[in-house]
């Protein structure tokens, strides 16, 4: 549930919603109770996400969601969520098909998942996952 379901036309915000970054590094942060997705890099290259401590138990509160990103390294994070700990995404519906940027070359290693669904592929994958 994002808020759209109730007809408000708005959604809960992502905490870190970063677009079109080349050389993105996010490291050594302690994050508590964001309202929706916690870390959402989108259309970005050379993404490194390490050393995060994420705790959130709300509905649809993902941990790390690279979306249409390439050359992604996610390691040594502690993630406890109410949904996906890590979710690989690549665009949603028609807009995802129009942009058509796939998520590719992703390495996920040495993460600890206490709650949530671990690693998911999707559900937004209009631009493909490679």
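Residue numbers (the working numbering): -7 to 122. Note that CB positions come from ideal geometry on N, CA and C, so glycine has one too. Being a predicted model, the structure only gives us computed values, none of them experimental.
- The three-state secondary structure of residue 88, taken from DSSP, is helix.
- Look at residue 79 here: in three-state DSSP terms it is strand.
- Distance from residue 82 to residue 115 at the Cβ level is roughly 11 angstroms; contact not present, criterion being Cβ atoms closer than 8 angstroms.
- By the Cβ neighbour-count rule, residue 59 is buried, with 16 or more other Cβ atoms within 10 Å of its own.
- Scanning its chain for C-beta atoms nearer than 8 angstroms, with the 5 sequence neighbours on each side dropped, one finds around residue 89 the residues 83, 118 and 119, in chain order.
- Residue state for residue 14 is assigned as strand, using DSSP reduced to three classes.
- When the Cα atoms are used, residue 75 and residue 69 turn out to be separated by approximately 16 angstroms.
- Excluding residues up to 5 positions away in sequence, 23, 24, 25, 26, 30, 55, 72, 73 and 74 lie with their Cβ nearer than 8 angstroms to the Cβ of residue 48 in the same chain.
- Between residue 53 and residue 3, the alpha-carbon positions lie close to 12 angstroms from each other.
- Of the candidates 87, 85, 13 and 42, 42 places its Cα closest to the Cα of residue 99.
- Its Cα nearest to that of residue 11, the residue 32 stands out among 21, 5, 32 and 51.
- Straight-line measurement puts the Cα of residue 62 at about 13 angstroms from the Cα of residue 92.
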